[in-house]
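Right, one structure below, let's go through it.
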Amino acid sequence: MKKLFVVLLSVIMMVIVGGCGSQTTKAPATKDNSIKIGGSSTMAPVIAKCADDFTEKFHTWKKVNDRLPDEPIVIFVATGGSGFGVKSAMNNTVDMGLVSRDVKEAEKAKLTNHTLYTLGYDALTIAVNPQNPVLTVKPDITNDEIKKIFSGEIKTWNQLDPNLPNRPIVLAIRDLGGGASQVFDELIMKGTPIAKEAVQLPSMGALAGKVMDNADAIGYVSVGLVEQNKGKIGVLSVEGIQPTTENIASGKYKIARPLIVIAKATPDDREQQFLNYLQSEKGVKALSSMGFVPVQAK
Amino acid sequence: MHFISKNADSVITLASAAIAAAMALLLLTIFTFIAQESLPAWQQGVLAILTGSEWQPLAEPPQLGLLIMLASTLWSALGAMLIAAPLGVCCAIFLAEFAPDWLTAIIKPVLTMLTGIPSVVYGFLGAAVLVRFFEIKRLLASGESLFCASLVLAIMVIPYIVTGCYSALRSIPAEYRIAVLSMGISKPYAAIHVLLPMARKSMISAISLAFGRAAGETMAVLMLAGNTLLLPTSWFAKGEPLSALIALELGSATVGSPQYHGLFAAGLVLLAFISVINLTIYFSSRDSRNVARLK
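Top line first, the protein sequences correspond to chains A and B.
Here our numbering runs 55 ahead of the position in the first sequence, where the first position is 1.
Here our numbering runs 573 ahead of the position in the second sequence, where the first position is 1.
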């Protein structure tokens with residue numbers, strides 16, 4: 056009996072393993088009623104959170120709006136980068152594309168059947184340690200000075216301003232291929248390579264941590280993290296403009312990137328409902344809770 | 574019923590053989606997938622990638638040089654072994670030959686627990702304590718360095734070395750110890766000049782395994798090595814090991830871009846490197862003695 060049991064068990068295990076494989080190859084014959092969203096890795100967490108909240112609140116499409124069928128809400132959010140977001144919106148591989156940069160004119164020309172919705176802005180502040188004397192000696196910095204610091208031309212604090220101590224500037228940046236780095240490159244560096252001594256941090260949180268811990272550090276910290284760590288991070292104004300919510304939303308503070316959703320010009324009912332949700336105050340709340348600046352309601 | 578019990582043995586043998594074949598196939602698939610995804614990068618020239626010191630995958634034309642990363646990986650891993658191997662071997666000898674039983678009973682479970690700590694916790698501790706230490710003492714402007722990475726890696730691999738060497742020493746038959754002690758040789762001399770050479774092969778394979786582990790470690794070095802794009806010129810310089818490069822950049826690399834292919838090339842290099850180490854361990858520690866098998 057024991058032998059039989061062991062044999063049966065192993066046969067059952069093999070069948071289960073084999074069965075797992077065949078289940079995934081058999082495509083379901085029903086129509087796919089899910090919403091597929093993909094693109095920027097900056098926006099994906101926010102949209103995913105909104106999708107989760109939306110699904111939690113309503114569960115089925117019928118509860119959102121009576122006209123819609125009584126099916127469970129399924130929304131997929133994928134990353135892949137802003138480039139992927141634009142390309143897949145163009146090919147209709149996804150229902151909505153997420154882009155965290157300006158959509159270029161050449162791309163807009165191909166997106167004739169789509170509408171672009173700007174949900175908000177992600178601003179990068181030039182942050183230093185609160186103990187850094189630069190906050191009292193030279194609290195405003197020009198774009199050119201930022202470029203010189205980050206490219207390595209200005210290596211010590213006293214090269215920036217003679218009243219500052221002779222300490223080396225510790226550059227904290229994000230990984231060079233990522234969205235934040237690209238925004239910084241487009242708006243400040245404009246092609247000048249960042250100094251090779253710059254320390255690449257794996258996440259914006261780690262960047263903020265570095266600036267908070269190291270007295271000589273300077274880095275581009277997302278405005279949301281500065282808000283969350285009031286008092287622990289010092290912020291320089293750029294060209295005379297402070298990175299406040301008003302300045303960012305109005306476009307006066309320049310080191311910011313728009314957070315855009317590319318949707319079809321005539322979205323079906325379900326997509327329209329989700330779009331409305333994203334632009335409603337719940338969507339705005341989710342956006343600001345993640346540290347982004349929502350676009351001001353007109 | 575009779576059919577099953579008669580053929581149960583062959584059924585299970587077949588099933589086990591199938592699963593083993595599946596595992597081997599899985600390894601082959603991983604290798605092939607990574608090699609395939611990295612092929613466009615290798616077309617730039619294998620030597621150019623392995624010895625190039627410029628990593629600018631987003632520039633026009635993209636530069637995919639992995640020298641900095643290779644140097645950082647080797648430096649941090651070898652540095653870790655420099656710290657961990659002597660400590661580990663000495664600890665193992667102490668535990669195997671000299672420690673009283675109650676001490677061994679305490680230390681062995683502690684070492685086992687150390688292996689269970691997630692590497693991200695080690696990285697976080699290193700960043701919070703080691704990096705801050707260097708910055709507060711003004712020894713370095715920015716505390717991350719390959720030395721920090723090596724130190725934390727050493728702490729992570731010491732348990733593996735101690736366990737491996739301890740088992741190697743314990744597996745020497747008691748007759749050798751009795752014979753050696755009966756000749757009036759002191760214990761320390763016996764341990765170093767008689768037992769250590771006998772356990773040499775297993776100890777080397779334990780140390781090589783630990784080296785492979787240190788070279789492949791990602792989270793700890795990601796937070797501690799500094800991730801700069803300069804060739805490291807000293808142990809206290811910053812660097813960017815291969816594993817940290819992949820972890821840092823793969824999330825934001827656009828699929829199909831040169832950066833994507835370059836990162837897969839880095840992955841292939843790391844995989845090949847670790848595989849060579851593991852194969853060397855396997856072939857060098859194979860028992861040449863006659864071992865009876867159940868066949």
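A virtual CB, placed ideally from N, CA and C, is assigned to each residue, including glycine.
- In the three-state scheme derived from DSSP, where H, G and I count as helix and E and B as strand, A/Tyr275 is classed as strand.
- Contact between B/Ala839 and B/Leu719 fails: their C-beta atoms lie close to 18 Å from each other, not under 8 Å.
- At a cut-off of 7 Å between beta carbons, A/Val225 contacts chain B.
- Taking a cut-off of 8 Å for Cβ pairs, the segment 251–260 of chain A and the segment 792–805 of chain B touch, as three or more such pairs fall below it.
- The beta carbons of B/Arg743 and B/Ala658 sit no closer together than 7 Å.
- With contacts defined by Cβ atoms closer than 7 Å, B/Ala783 and B/Tyr733 form a contacting pair.
- With a threshold of 7 Å between beta carbons, A/Asn269 makes contact with chain B.
- A straight-line Cα-Cα distance of about 19 Å links A/Ile102 and A/Val158.
- Between A/Leu314 and A/Met98, the beta carbon gap of about 5 Å places them in contact (Cβ cut-off 8 Å).
- Residue-level contact check: A/Pro100 does not touch chain B, since none of the beta carbons of chain B fall below 7 Å from its beta carbon.
- In summary, A/Asp177 is buried, with 16 or more beta-carbon neighbours lying within 10 Å of its beta-carbon over all protein chains present.
- The three-state secondary structure of B/Ile592, taken from DSSP, is helix.
- By the neighbour-count definition (other C-beta atoms within 10 Å, threshold 16), A/Val61 is an exposed residue.
- As the crow flies, the alpha-carbon of A/Val132 is around 38 Å from that of A/Thr197.
- Residue range 640–666 is occupied by the alpha helix (DSSP H) that includes B/Val662.
- Taking the Cα of B/Ser816 as reference, the smallest distance to any Cα among B/Phe706, B/Ile728, B/Leu643 is reached at B/Leu643.
- Taking the beta carbon of B/Glu822 as reference, the chain A residues within 7 Å of it are Asp230, Gly232, listed in sequence order.
- Annotated as distal: B/Pro630 and B/Leu639, with beta-carbon spacing of 7 Å or more.
- For A/Gly135, the chain B residues whose C-beta falls within less than 8 Å of its own C-beta are Thr827, Val828, listed in chain order.
- Residues of the same chain with a CB within less than 7 Å of the CB of A/Thr115, apart from the 5 flanking positions on each side, are Asp125, Glu126, Pro127, Ile128 in chain order.
- Counting only runs of 3+ residues, the beta strand (DSSP E) found wholly inside the segment 113–155 of chain A occupies 130–133, 151–154, in chain order.
- Ranked by how close their Cα comes to the Cα of A/Lys210, the residues A/Ala253, A/Leu171, A/Gly338, A/Ala318 have A/Ala253 in first place.
- A buried status is given to B/Thr736, since no fewer than 16 other beta-carbon atoms sit within 10 Å of its beta-carbon.
- Between the segment 766–774 of chain B and the segment 675–692 of chain B there are fewer than three C-beta pairs closer than 8 Å, too few to call the two in contact.
- Neighbours of B/Thr801 across chain A, judged by C-beta separation under 8 Å: Lys251, Glu252, Ala253, Val254, Gln255.
- Using a Cβ-Cβ cut-off of 8 Å, A/Phe139 is close to Thr827, Val828 of chain B, given in chain order.
- Residues of the segment 756–771 of chain B with a Cβ closer than 8 Å to any Cβ of chain A: none.
- In this structure, DSSP gives B/Arg773 a helical state, which the three-state scheme calls helix.
- In this structure the segment 814–830 of chain B touches the segment 229–245 of chain A; the number of beta carbon pairs closer than 8 Å is three or more.
- Among the CB atoms of chain A, one or more fall inside 7 Å of the CB of B/Gln832.
- Secondary structure of B/Pro746 (DSSP, three-state): coil.
- In this structure, A/Ile288 and A/Ala270 do not form a Cβ contact; the two beta carbons are roughly 12 Å apart against a cut-off of 8 Å.
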